[in-house]
Each structure stands twice: as C-alpha cells, then as structure tokens.
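Chains as they are written, first to last, in this note's numbering: chain A, 2 to 339; chain B, 2 to 339; chain C, 2 to 339. Right, one structure below, let's go through it.
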Amino acid sequence: MAITLGEIATYLQAKLIGDETTVIHGLATLSDAQAGQLSFLANMAYKDQLQSTLASAIIVHPKQAAECRCAALILDNPYLGYAKVSSLFDTLPKASHSIHASAVISESARIGKDVSIAAQAVIEDHAVLADGVVIGAGSVVGHNSRIGRDTRVHQNVSIYHDVTIGDHCIVHSGTVIGADGFGFANEQGKWVKIRQLGGVAIGNRVEIGANCTIDRGAMSDTRIDDGVILDNLIQIAHNVQIGENTAMAACCKVAGSTKIGANCTISGGVGIIGHLTLVDGAHVTAMSLVSKSITEAGAYSSGTAMSKTREWRKSAARFRQLDDMAKRLKAIEKNINN
Amino acid sequence: MAITLGEIATYLQAKLIGDETTVIHGLATLSDAQAGQLSFLANMAYKDQLQSTLASAIIVHPKQAAECRCAALILDNPYLGYAKVSSLFDTLPKASHSIHASAVISESARIGKDVSIAAQAVIEDHAVLADGVVIGAGSVVGHNSRIGRDTRVHQNVSIYHDVTIGDHCIVHSGTVIGADGFGFANEQGKWVKIRQLGGVAIGNRVEIGANCTIDRGAMSDTRIDDGVILDNLIQIAHNVQIGENTAMAACCKVAGSTKIGANCTISGGVGIIGHLTLVDGAHVTAMSLVSKSITEAGAYSSGTAMSKTREWRKSAARFRQLDDMAKRLKAIEKNINN
Amino acid sequence: MAITLGEIATYLQAKLIGDETTVIHGLATLSDAQAGQLSFLANMAYKDQLQSTLASAIIVHPKQAAECRCAALILDNPYLGYAKVSSLFDTLPKASHSIHASAVISESARIGKDVSIAAQAVIEDHAVLADGVVIGAGSVVGHNSRIGRDTRVHQNVSIYHDVTIGDHCIVHSGTVIGADGFGFANEQGKWVKIRQLGGVAIGNRVEIGANCTIDRGAMSDTRIDDGVILDNLIQIAHNVQIGENTAMAACCKVAGSTKIGANCTISGGVGIIGHLTLVDGAHVTAMSLVSKSITEAGAYSSGTAMSKTREWRKSAARFRQLDDMAKRLKAIEKNINN
Chain A
2 MAITLGEIAT
12 YLQAKLIGDE
22 TTVIHGLATL
32 SDAQAGQLSF
42 LANMAYKDQL
52 QSTLASAIIV
62 HPKQAAECRC
72 AALILDNPYL
82 GYAKVSSLFD
92 TLPKASHSIH
102 ASAVISESAR
112 IGKDVSIAAQ
122 AVIEDHAVLA
132 DGVVIGAGSV
142 VGHNSRIGRD
152 TRVHQNVSIY
162 HDVTIGDHCI
172 VHSGTVIGAD
182 GFGFANEQGK
192 WVKIRQLGGV
202 AIGNRVEIGA
212 NCTIDRGAMS
222 DTRIDDGVIL
232 DNLIQIAHNV
242 QIGENTAMAA
252 CCKVAGSTKI
262 GANCTISGGV
272 GIIGHLTLVD
282 GAHVTAMSLV
292 SKSITEAGAY
302 SSGTAMSKTR
312 EWRKSAARFR
322 QLDDMAKRLK
332 AIEKNINN
Chain B
2 MAITLGEIAT
12 YLQAKLIGDE
22 TTVIHGLATL
32 SDAQAGQLSF
42 LANMAYKDQL
52 QSTLASAIIV
62 HPKQAAECRC
72 AALILDNPYL
82 GYAKVSSLFD
92 TLPKASHSIH
102 ASAVISESAR
112 IGKDVSIAAQ
122 AVIEDHAVLA
132 DGVVIGAGSV
142 VGHNSRIGRD
152 TRVHQNVSIY
162 HDVTIGDHCI
172 VHSGTVIGAD
182 GFGFANEQGK
192 WVKIRQLGGV
202 AIGNRVEIGA
212 NCTIDRGAMS
222 DTRIDDGVIL
232 DNLIQIAHNV
242 QIGENTAMAA
252 CCKVAGSTKI
262 GANCTISGGV
272 GIIGHLTLVD
282 GAHVTAMSLV
292 SKSITEAGAY
302 SSGTAMSKTR
312 EWRKSAARFR
322 QLDDMAKRLK
332 AIEKNINN
Chain C
2 MAITLGEIAT
12 YLQAKLIGDE
22 TTVIHGLATL
32 SDAQAGQLSF
42 LANMAYKDQL
52 QSTLASAIIV
62 HPKQAAECRC
72 AALILDNPYL
82 GYAKVSSLFD
92 TLPKASHSIH
102 ASAVISESAR
112 IGKDVSIAAQ
122 AVIEDHAVLA
132 DGVVIGAGSV
142 VGHNSRIGRD
152 TRVHQNVSIY
162 HDVTIGDHCI
172 VHSGTVIGAD
182 GFGFANEQGK
192 WVKIRQLGGV
202 AIGNRVEIGA
212 NCTIDRGAMS
222 DTRIDDGVIL
232 DNLIQIAHNV
242 QIGENTAMAA
252 CCKVAGSTKI
262 GANCTISGGV
272 GIIGHLTLVD
282 GAHVTAMSLV
292 SKSITEAGAY
302 SSGTAMSKTR
312 EWRKSAARFR
322 QLDDMAKRLK
332 AIEKNINN
C-alpha cells in the first residue's frame with residue numbers, strides 16, 4: 002500500500018499542512034510510527050508524543066496543528082479520521098467472488114451475484130445469500146436463513162434455521178446465531194424443554210464479534226437493530242431486543258426478554274437480568290450487574306473497587322456486618338440526641 | 002402446522018372450555034397473539050392481558066378460566082402445558098436419517114440405525130453413534146467417543162476422544178467437550194503440563210447450550226448427570242461433578258473438582274471456585290462468586306446492588322474504609338457506655 | 002500402558018522405596034487408586050489417605066515417605082513429579098503424520114515435514130506450517146499465518162490472516178485467533194469501523210484453552226509471550242500484551258492495550274479494563290475487576306464475600322447508604338469530642 006498525503010487529505014476532506022506528495026505506507030501510534038507512516042492524536046494523554054514521534058504525518062485537531070513537527074492532516078474529529086483512513090490500509094484478504102469446490106450448497110439455496118463461499122462451508126436448504134455475501138471456511142448457514150447484501154461471515158460460524166441477517170454486517174468466527182433459548186418448565190423436578198419457535202432478526206450494519214451466542218426467540222424473534230456493535234463472547238438470550246447503535250463490550254450476558262434501548266454503551270463483563278428495560282442512552286460500567294430496569298439515561302455501576310487482598314478481606318468481612326453497624330449507628334444517634 | 006383445540010386438549014389432558022374444532026396455527030404471547038394462535042398465562046404480571054389478547058385460546062390455571070374471553074385450556078401448571086404444546090409447533094428441521102457424502106467417517110466407527118450425519122462432519126476412529134443420533138454440519142466426534150440414542154449434536158461442535166454422552170441429549174453449536182483441563186505444575190517459574198488422562202461422562206436427557214466448554218478430567222472423568230440443563234458459554238473445569246436436574250444459566254464458570262448437587266439452580270454469570278461442594282437444592286443469584294462450600298439448601302448471593310455511577314463511587318470508596326468505620330463505631334460505643 | 006516402578010523412578014530421578022519390578026498401569030488420586038496404579042500427595046489436606054489408599058505406589062515428599070504403606074517415589078516436588086509422569090500415560094490420540102484427503106490446502110501454503118492435517122481442515126494462501134505441526138479436524142489457518150514447530154491445533158479452531166504462533170504450543174478447539182479488535186469511532190451516533198491492521202504474535206510453549214478469543218491488534222500486534230497458559234473462554238482484546246509464564250484461569254477478559262507482566266496469576270472470571278499495566282508477579286483473585294494499574298507485586302481483589310441471599314440483601318441495601326453512614330459517624334465523633 003502506498004498513497005500520498007494529498008490523496009489522503011482529499012479522502013478525509015482534511016486540511017493538509019505539509020507536502021502533498023509525501024508517500025504513506027501505513028498507520029501506527031505516535032510512539033511506534035516510523036518515517037512513511039501516518040499517525041493521529043485523539044487522546045490528550047499522548048499529546049507530548051507530538052514532539053518525539055517519527056511519523057511522517059499526523060491527523061490532529063486544529064488546536065494541535067501548530068505543535069506537529071511533521072505534516073498535519075487537520076480534522077475536528079481526528080479519531081474518526083483515523084477510522085476512515087484505516088480502511089485504505091486494510092489487510093483483510095479480499096473475497097474470492099467464487100464458490101470453493103469443497104463447499105456444500107443445497108440445490109434449494111438461492112445464491113446472489115458476486116458471492117464468495119470458502120472451503121468446507123455449508124449452505125443448507127432454502128437459505129438465501131444476497132449479492133456480495135462472503136461466507137468463511139467451515140461456516141454453516143441453516144435452513145431458511147437469509148444473509149443480506151455484502152455481509153461477511155468469517156470462519157466456523159454456526160447459523161441455525163430461520164435467522165435473518167441484514168446488509169453490510171460482519172459476523173466473526175465461532176459465533177452461534179439461533180441456538181435454542183434456555184426455556185424449560187419443571188415437572189416434578191425434571192425439566193421439560195420448551196421448543197424455541199422464534200428466530201433471530203439482525204438489522205443492517207451490525208458487527209458481531211467472535212464466539213458470541215445469540216439465541217433464537219421462544220415464540221417471536223430475538224432482535225438486534227441496525228448499527229449495533231457487539232464484541233466477543235457475548236451472550237444474548239431469547240427474545241432480547243437491542244436498539245440501534247448500541248455498543249456492547251466483550252463477555253456481556255443479557256438474560257431473556259430484556260429490552261436494551263438505542264445508543265447504550267455496555268462495558269465488558271456486564272450482566273443484565275431478564276425481563277428488564279434499559280432506556281436509550283444507558284451506560285453501564287465494567288462487570289456491573291444490572292438488576293432492575295434503567296429508566297433514566299446516564300451511567301450505572303455495581304461491585305466494589307479493587308484493593309490489596311489483605312485489605313479487601315477486612316472490608317468484605319465488614320460488608321456482612323453492615324446492617325448491624327447501621328443499627329448501632331442509629332442507636333448511638335438516638336442515645337446522643339436524648 | 003394446523004391442529005384443532007380438541008386435539009390439543011387431548012394431547013395436554015386439559016379441560017377445554019370453547020369450540021373443539023377451532024384450528025390453531027401457532028403459539029404467541031398474550032400481547033403478540035393473533036386469531037388462530039394459542040397463548041398461555043403463567044406469570045400473573047400479565048393477567049390483565051387476558052382481557053385484551055387476540056389469541057383464539059389460552060392455557061390457564063383453573064382460577065383464571067372465567068376471565069378468558071376466548072377458549073380456555075385448563076391446567077394446574079399452564080407453563081408446563083405451554084412447554085408440552087410447543088413441541089407440536091417445532092420449527093427445527095427434521096433429521097435427514099442419512100449420511101452426507103462430504104462427511105468423513107472412520108472405517109472403525111460404529112454407526113447405528115437411522116443416524117443422520119450432516120455435511121463436513123467428521124467421525125473419528127472407534128467412535129460409536131447409537132441409533133437415531135443426529136450430527137450437525139462441521140461437527141467432530143473424536144476417537145473412542147460414544148453418543149447415545151437419539152442425541153442431537155448441532156453444528157461445529159468439537160468432541161474430543163473418550164467422551165461419553167448419553168441418550169436423548171442436545172448439544173448446541175460451537176460447544177467443546179473434552180478439551181484438556183487446566184492443570185500445570187510450576188518448575189522454577191515455568192509451567193509443566195499435566196496430561197489430562199480422564200474423559201467426560203454425560204448422562205441422559207442433558208442439554209448443553211452453545212459455545213460451552215466442558216473439560217476432560219485429570220485422571221478420572223468430569224461428570225454431568227441425567228437431566229442437567231446448561232445454557233450458553235458455560236465453563237465446566239476438569240473433575241467437576243454436576244448432580245441430576247441441576248440448571249445453570251449462561252456464562253457460569255465452575256472451577257476444578259467442585260461437586261454441585263442435584264436440583265440446584267445457578268443463575269447467569271456465577272463463578273464457583275474449585276474443590277467445593279454444593280448441597281442439593283442450592284440456589285445462587287446472578288454473578289455471585291461462590292467462595293466456600295454450601296452445606297445448607299437455600300439461596301446465596303454476593304456482590305452489590307446497582308446504583309448510579311456517581312452514587313456508587315462514594316459507596317465504593319467507603320467500602321475500603323469499612324474496617325476503620327467499624328472500629329470507630331466500637332470506640333464510640335465504648336466511650337458512651339463508660 | 003505398563004511400566005515398572007524402577008523405570009518411573011529413573012524417568013523422574015526419584016528415590017524409590019519399594020519393589021522396582023512392580024508394574025504400574027495408570028494414575029489415580031489417593032482415594033480412587035487401585036492396585037497397579039500410581040498416586041501422589043501434594044496437598045496436605047489429603048495426607049490421611051496415605052494410610053487408606055490402595056495405590057501400589059505414591060509420589061511423596063521426603064517428609065511423608067515413612068507414612069506410605071506401599072512403595073514410595075520420593076521427590077521434593079511431588080506435584081511436579083505427577084505432572085511429568087502423566088505424560089507417560091497420555092491418552093491423546095497420536096498425530097497421523099499425514100494429510101487427510103478432505104483437507105483443503107492452498108497451493109501457496111508451505112507445509113513442513115511430519116505435519117498432520119485432519120479431515121475438513123483448511124490451510125489458506127501463503128500459510129506456513131512448520132515441521133511436526135498437527136491441525137485438527139475442521140480448523141482453519143488463514144492467509145499468511147504461521148504455525149511453529151510441533152504446535153498442535155485441535156478441532157474447529159479459527160485462525161485469521163497474519164497470525165504467528167510459536168513452537169510447541171497447544172490451541173484447543175473452538176478458539177478464535179486474530180478476529181478484529183473492537184475499534185469504532187462515533188460519527189453522529191453511528192459507529193464507523195476502525196480496520197484492524199495488526200496481527201497476533203504468540204510465543205513458544207503457549208497453551209490456549211477452548212473457545213478463547215484473541216483479537217488482532219489495531220495497528221501493531223496483540224502479543225502473548227513464551228510459556229503463557231490460558232484456560233477456556235478467555236477474551237484478549239486488541240493490543241494486549243501478556244508477559245512470560247503468566248497463567249490465566251477460565252473466563253477472564255482483558256480489555257484493549259493492557260499490558261500484563263510476567264509470572265502473574267489471574268484467577269477465573271477476572272476482568273481487567275483497558276490501557277492498564279500490571280507489574281510482574283501480580284495475582285488477582287476470582288471474579289475481581291482490575292480497575293487501575295497494579296504497580297506492586299502481590300494479591301488483589303474486589304467484590305464481596307458470599308452470604309445467604311436474605312442476609313446479603315440487607316448488606317447490599319446498606320452499601321448504598323455507606324457514604325451517609327460515614328458522615329454520620331464523623332458527626333458523632335465531633336459531637337463526642339466537643
């Protein structure tokens with residue numbers, strides 16, 4: 002990859018201070034960058050590195066433009082500029098636009114134009130792959146499932162029957178979409194399985210990380226709306242709904258029938274119990290347990306802060322005495338006030 | 002699917018109030034149901050919807066029968082009735098009862114009658130599949146492993162060597178059974194692997210969700226007894242034992258050699274440390290850490306309740322001062338009493 | 002497997018008290034062992050079992066040698082002795098040293114000597130497998146990725162492009178290495194994907210459990226150093242670095258750009274937020290959240306201890322009042338001191 006700063010400035014609609022003929026070969030952080038590389042400053046904690054970086058150019062906010070010792074691409078949102086320019090340097094292997102001889106494709110499946118299906122993939126009966134779909138090696142698309150235009154499914158993904166995925170989505174390896182929701186009735190101590198009759202409906206421009214599990218609905222569909230981004234190892238139970246552009250970091254678990262609003266950010270390892278509603282714009286900090294509905298936008302937390310274990314043990318022991326301590330405190334106040 | 006209310010009443014052994022010739026095409030919640038659909042009332046929070054639902058019939062407890070404006074199927078346990086009737090409407094594609102040409106099956110494997118093996122599956126040496134087994138696309142059954150009668154293994158499941166799975170089990174996609182337990186001895190700072198010589202023994206009527214990991218035992222077998230139900234992304238370490246009919250929700254992690262009793266319910270995200278024993282009938286709430294054995298049936302918890310982050314920060318800071326607060330409280334009490 | 006005590010003593014460089022011609026057929030715990038089996042005593046909680054065990058021999062520390070009623074193999078570190086002897090009894094099926102006819106191997110891939118590639122595996126363009134590599138059924142090695150000498154990759158593993166794995170590593174089933182890091186910039190409420198241009202660099206003698214996810218770096222590589230051991234279902238985000246011989250138990254999640262030192266032990270279910278540094282020799286207890294850098298070796302914790310739920314509810318309610326309680330306590334102290 003080689004592209005001039007002038008071409009990058011045009012692509013980003015950025016103002017360029019410096020030589021437009023400089024050739025850029027790659028991207029790097031300020032501290033790692035070498036000559037021929039482009040960097041960016043988005044987090045002011047790294048501002049001092051503007052002086053020391055070896056980068057040939059930096060994407061910066063207008064306020065930092067004067068501090069660059071190399072070429073500067075000036076944008077109000079340098080991080081967004083970095084995101085956009087990253088696509089010019091993508092290393093992801095190009096789709097083959099062909100169907101590998103070892104793939105197994107049902108005669109009743111409908112395959113669009115320019116579809117790529119890698120080795121050992123399986124497309125089951127009545128599945129539909131729209132134009133430009135890419136299916137990775139070893140992935141399975143189940144009966145009646147539909148994958149939208151230009152969606153890329155990486156390797157060893159398992160998509161059950163009656164799953165719908167929209168356009169321009171990315172599904173990373175090992176993810177399972179449409180397995181049975183965890184529904185059982187108890188009959189004299191034994192569990193009776195509730196057949197999971199719904200499907201999964203995933204919108205457009207959704208990205209799902211690796212080794213996630215998104216269960217099918219019990220009667221209606223589990224639903225993930227347009228623009229949602231999910232990191233790795235996330236569990237979405239049956240009948241969950243996730244609103245547009247909500248972001249969820251790795252290892253979150255959302256229990257059945259919970260509705261998460263739009264534009265929420267759920268940090269890593271968060272658990273959300275079932276049958277709750279989270280308003281648009283809810284933010285939950287790492288490893289919190291959301292144990293009741295959130296009706297007001299804002300940040301929510303549970304847990305305790307980290308300590309040295311020997312200090313923590315004392316606090317943890319006292320935690321169990323908290324109710325007793327509160328009552329004694331009240332008794333003293335009464336005593337003093339009398 | 003089309004079945005009359007009369008047929009459903011017979012199947013459920015339910016009393017029917019209404020027209021037995023009414024045809025039912027599907028199941029839905031009270032709020033979603035349309036004419037031609039059957040619903041149920043199990044959670045009294047939804048009782049008001051008996052008035053407004055468009056369902057053609059509802060499975061209800063005798064106490065609510067009079068409140069239905071449509072046909073009623075009367076059962077003491079409506080939720081169990083719903084579970085049973087769900088199997089009449091199942092959308093899961095039928096097993097093929099055939100072996101796909103692309104599957105790779107060792108000559109030394111023993112394959113029963115009416116077995117289905119989907120595309121790209123692999124059955125390794127000396128594996129045994131009993132009558133009626135269904136193996137999904139891309140799944141691997143390792144050397145010497147045995148799958149019991151009518152058990153269904155979904156797509157891309159990895160079963161290592163010397164694993165035994167009983168009859169009428171379900172294993173969802175992406176699950177790994179029999180990977181090495183995490184056993185290492187330390188030799189001058191470096192880890193020396195302990196070969197994991199045991200297997201995994203899974204009973205009958207066990208359901209295992211998607212992307213779980215159930216490790217093989219160090220010397221004897223990891224053991225999951227009859228009727229256990231596991232949700233997705235659950236980690237079962239080496240030598241764990243789980244008693245009959247215990248239910249475990251998503252993202253639980255059970256460390257090595259812990260023994261969990263029968264009829265326990267472990268909520269989502271719970272961690273259980275190693276070498277513990279949990280008595281029959283232990284119940285653990287979501288995201289708790291079980292840090293010592295449970296010797297008495299009942300409910301157990303750890304963690305803190307959710308707050309707004311700015312409130313939570315104050316509590317978390319004070320948590321670290323708890324021991325100091327407790328000592329000061331005691332000093333005041335002494336002071337006052339003197 | 003049959004081997005004499007004399008041969009085992011020589012292999013372990015252990016002193017043998019007993020008959021060197023005794024034949025050993027397997028390993029077992031003290032309580033499970035039968036005649037013909039070898040056991041060990043590493044945890045003094047089981048010391049009483051020296052009297053009752055049916056084992057034919059026991060690996061013990063010199064201090065316990067006199068208490069054995071059977072043959073004794075004497076070593077300063079009996080657990081390490083057990084680890085070493087376990088390799089003599091390994092049940093893992095031997096590698097085939099052949100390439101299965103159903104495997105799909107790019108013409109541009111470079112395959113070393115004595116490589117085993119199982120059924121349905123896929124080796125993509127320009128991938129390199131060094132001598133002695135074993136690739137399990139259904140696994141995929143992506144473009145340009147390199148697997149070092151004698152490394153074993155189990156079934157259904159997904160390795161993306163530009164991933165490097167060192168020599169003598171083990172990667173368990175279902176693990177995904179090199180999926181995109183979770184990087185997005187926000188443009189007016191919508192997420193713009195940041196292409197993940199780095200790779201993953203894994204050292205030598207690394208073991209990675211089942212269904213883990215190790216993301217590729219944003220611009221440079223995610224890095225796991227020599228001798229690291231990871232259990233199952235672990236999430237390693239982009240640009241994380243893990244130092245030599247660090248051990249991490251199941252279900253840990255490490256957020257982006259965090260650097261973990263060497264010889265750390267991270268217990269199960271721990272979360273570590275992004276952009277932190279953990280010093281060499283940090284130890285974190287189960288399910289803790291590491292919310293700031295650790296600059297001093299030692300043990301760290303967060304969370305609360307387990308209680309009965311009805312007791313816990315009171316503590317959890319009081320936790321929210323902690324700041325108020327602390328202020329009232331201070332007011333009383335002031336009151337008393339005046």
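Glycine included, each C-beta is placed from N, C-alpha and C at the ideal position.
* Asked: Listing by chain order, which chain A residues have their CB less than 7 Å from the CB of Met288 (chain B)?
  -> Gly272, Leu290
* Taking only the alpha-carbon atoms, compute the straight-line gap between Gly179 (chain A) and Arg206 (chain A) and give it to the nearest angstrom. => 19 Å
* **Short Cβ contact (9 Å threshold) for Val105 (chain C) with Gln156 (chain A)** => no
* Pick from C:Gly19, C:Gly37, C:Ile124: whose alpha carbon is nearest that of Leu74 (chain C)? -> C:Gly19
* Go through its chain and collect everything with a Cβ distance to Arg150 (chain C)'s Cβ below 6 Å, but skip five positions before and after it. => Ala131, Asp132, Gly133, Asp168
* To do: Can you give me the Cβ contacts of Ile160 (chain B) inside the same chain, cut-off strictly under 7 Å, excluding the 5 residues immediately before and after it?
  => Val141, Val142, Gly143, Ser146, Ile178, Gly179
* Asked: Does DSSP put Ile237 (chain A) in a helix, in a strand, or in coil?
  -> strand
* Asked: What in chain C is Cβ-close to Leu198 (chain B), meaning under 8 Å?
  -> Gly27, Leu28, Ser87, Phe90, Asp91, Thr92
* Asked: What residues in the segment 242-266 of chain A bring their beta carbon closer than 7 Å to a beta carbon of chain C?
  -> Asn246, Ala248, Ala250, Ala251, Cys252, Asn264
* Alpha carbon to alpha carbon, how far is Glu245 (chain B) from Asn264 (chain B)? Give it in angstroms, no decimals. => 6 Å
* Anyone know if the C-beta pair for Val357 (chain B) and Ile274 (chain B) falls short of 9 Å? -> No answer is possible for residue 357 (chain B): it lies beyond the span of chain B, which begins at 2 and ends at 339.
* To do: Return the CA-CA distance between Ile195 (chain C) and Ala84 (chain A), expressed in angstroms with no decimal places.
  => 4 Å
* C-alpha distance - Val116 (chain C) paired with Ala138 (chain C), whole-angstrom precision -> 14 Å
* Decide if Met220 (chain C) is buried, meaning its Cβ has at least 16 other Cβ atoms within 10 Å, or exposed. => buried
* Coarse secondary structure for Tyr340 (chain A), derived from DSSP in three states -> Coverage of chain A is limited to positions 2 through 339, which leaves residue 340 (chain A) absent and any answer about it impossible.
* Assigned secondary structure, Ile195 (chain A) (DSSP; H/G/I helix, E/B strand, else coil) -> coil
* To do: Quick one: using the 10 Å Cβ neighbour count with 16 as the cut-off for buried, is Ile337 (chain A) buried or exposed?
  => exposed
* For the segment 310-327 of chain B and the segment 317-334 of chain C, state whether three or more C-beta atom pairs, one from each stretch, are separated by less than 8 Å. => yes
* How far does the alpha helix (DSSP H) with Ala202 (chain B) in it reach, from first residue to last? -> Not the alpha helix (DSSP H): Ala202 (chain B) falls in the beta strand (DSSP E), residues 201-203.
* Close beta carbons around Val164 (chain B), own chain, < 7 Å, minus the five adjacent residues each side -> Gly143, Ser146, Ile178, Gly179, Gly200, Val201
* Asked: Alpha carbon to alpha carbon, how far is Asp91 (chain C) from Val61 (chain C)?
  -> 21 Å
* Which term fits Gln236 (chain C), buried or exposed, when burial requires 16 or more other beta carbons within 10 angstroms of its beta carbon? -> buried
* Beta carbon of Ala119 (chain A), beta carbon of Thr176 (chain A): below 9 Å? -> no
* To do: Identify the contact partners of Ile195 (chain B) in chain C, using a Cβ-Cβ distance below 8 Å as the criterion.
  => Tyr83, Ala84, Ser87
* Helix, strand or coil at Phe185 (chain C) according to DSSP, with G and I counted as helix -> strand
* Between Ala15 (chain B) and Ala66 (chain B), what straight-line distance do the alpha-carbon atoms span, to the nearest angstrom? -> 12 Å
* To do: Determine which residues of the segment 293-311 of chain A have a Cβ less than 8 Å from any Cβ of chain D, and write them out in chain order.
  => Among the protein chains of the structure shown, namely A, B and C, there is no chain D.
* For Gln38 (chain A): DSSP bridge partner residues -> A:Gly27
* Asked: If you draw a straight line from the alpha carbon of Asn233 (chain A) to that of Thr214 (chain C), how long is it in whole angstroms?
  -> 7 Å
* To do: Helix, strand or coil for Ser302 (chain A), going by three-state DSSP, please let me know.
  => strand
* Provide the residue span of the beta strand (DSSP E) that contains Leu340 (chain A), from first to last. => No answer is possible for residue 340 (chain A): the residues shown for chain A start at 2 and end at 339.
* Could you work out which residue in C:Gly269, C:Met288, C:Arg224 is closest to Ile261 (chain C) when comparing CA atoms only? => C:Arg224
* From A:Gly184, A:Ile230, A:Arg217, pick the residue whose C-alpha is nearest to that of Phe185 (chain C); which is it? -> A:Ile230
* To do: Quick one: list the residues of chain A neighbouring Lys315 (chain C), beta-carbon separation under 8 Å, in chain order.
  => Leu323, Asp324
* To do: Note down, in chain order, each residue of its chain lying with its Cβ closer than 6 Å to the Cβ of Val271 (chain A), except the 5 sequence neighbours on either side.
  => Cys253, Val285, Ser289
* Please name the residue, chosen from B:Thr259, B:Asn187, B:Ser107, B:His276, that lies closest to His101 (chain C) on a Cα-to-Cα basis. => B:Ser107
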